[in-house]
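Numbering (this note's numbering), first residue to last: 1264 to 1537.
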């Protein structure tokens, strides 16, 4: 069946891309956590077509390409996206996102989604208790520094192997579920590598861009793709990626962490319940 191209449908798709991408860019999650279930719900009733999980994931990753592109460019201009660090994570996240994409239609996702949901609840608890958890005090091989608007200097870093392992897991999850991977990458950056929250969310979007390009390419090659759906989401995704990055700079680190925790909590509950 072909998507119904009427004005109300196009407005809904634009709004879906805009809201999901704005929220995803603010917290560095990408927005796929909203797009995938929305497509599954709206497919038969509004779009006039059946959308299975593999197609929803492929289209979501296609929209994430546009979201992560505009948000990353905005974060780079503001000096918040650490592209050198993103390169390490992307080295493994890109190829493994293709593997995850190839498994979407073969893997029964129900048990995995529930297990991953419980894991994300654990990540939320760690983020909320981060001030009571003694952070890693050693020096990573690759150290970075960032001076915030208040003049405070923050040091963070990583080693190549942990970065590659985490990046690979992020890419696998991104390609498999179409959610971007920031749900795992941001807690790892903040809790393990001591990334400042704003740098973590901005750098996450750069990694998501690479994962989305590779993952959506695999879904396209497998036929789990719909150009009309991606085109309908793209304008809102482009605008939302830019808008979310602009909003993010007006949010303090403490509030940003709370928003991240709220988003991760909602995501975890949806993964467990659905």
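Every residue gets a Cβ at the ideal spot worked out from N, C-alpha and C, and that includes glycine.
Query                                                                                                                   : Result
Whole-angstrom distance between residue 1472 and residue 1326, CA atom to CA atom                                       : 10 Å
Contacting residues, own chain, Cβ-Cβ under 6 Å from residue 1211 (five flanking each side not counted)                 : Beyond the ends of the chain as shown, which are 1264 and 1537, falls residue 1211; an answer cannot be given.
Nearest-angstrom Cβ-Cβ length linking residue 1474 and residue 1444, presumed shorter than 8 Å                          : 6 Å
Pairwise C-alpha distance: residue 1521 and residue 1528                                                                : 10 Å
Pairwise C-alpha distance: residue 1423 and residue 1276                                                                : 40 Å
For residue 1439 and residue 1320, the rounded distance between their alpha carbons                                     : 7 Å
The stretch 1403 to 1419 / the stretch 1277 to 1286 touching (three or more Cβ pairs under 8 Å)                         : no
Three or more C-beta pairs below 8 Å linking the stretch 1455 to 1464 and the stretch 1384 to 1393                      : no
First and last residue of the uninterrupted alpha helix (DSSP H) at residue 1406                                        : Here residue 1406 belongs to no alpha helix (DSSP H); instead the beta strand (DSSP E) covers 1405 to 1410.
Per-residue DSSP class, three states only, for residue 1540                                                             : Here the chain comprises residues numbered 1264 to 1537, so residue 1540 is not present and cannot be evaluated.
Touch test, the stretch 1488 to 1506 against the stretch 1338 to 1358, Cβ-Cβ under 8 Å, three pairs minimum             : no
Rounded C-alpha distance that separates residue 1434 from residue 1360                                                  : 4 Å
Same chain only: Cβ atoms within 7 Å of residue 1449, ignoring 5 sequence neighbours per side                           : 1291, 1463, 1464, 1467 and 1523
heavy atom of the ligand FMN below 7 Å from residue 1436 C-beta                                                         : Among the ligands in the structure shown, none appear at all, so the ligand FMN cannot be discussed.
Under the three-state DSSP convention, the category residue 1377 falls into                                             : helix
Rounded C-alpha distance that separates residue 1208 from residue 1482                                                  : In the structure displayed, the chain extends from 1264 to 1537; residue 1208 sits before or after that span and is not available.
Run of the alpha helix (DSSP H) containing residue 1499, from where it starts to where it stops                         : 1490 to 1511
Spatial neighbours of residue 1278 in its chain, beta-carbon cut-off 8 Å, leaving aside the 5 residues before and after : 1499
Alpha-carbon to alpha-carbon, residue 1367 and residue 1303                                                             : 15 Å
Own chain, CB closer than 7 Å to residue 1501, minus 5 neighbours either side, in chain order                           : 1329 and 1333
Span of the beta strand (DSSP E) around residue 1420                                                                    : 1416 to 1421
Euclidean distance between Cα positions of residue 1536 and residue 1530                                                : 10 Å
Same chain only: Cβ atoms within 6 Å of residue 1323, ignoring 5 sequence neighbours per side                           : 1295, 1298, 1299 and 1441
DSSP-derived helix/strand/coil call for residue 1264                                                                    : Interpretation of residue 1264 is limited by its pLDDT of 49, a score under 50 that renders its predicted location unreliable; no figure is taken from the coordinates.
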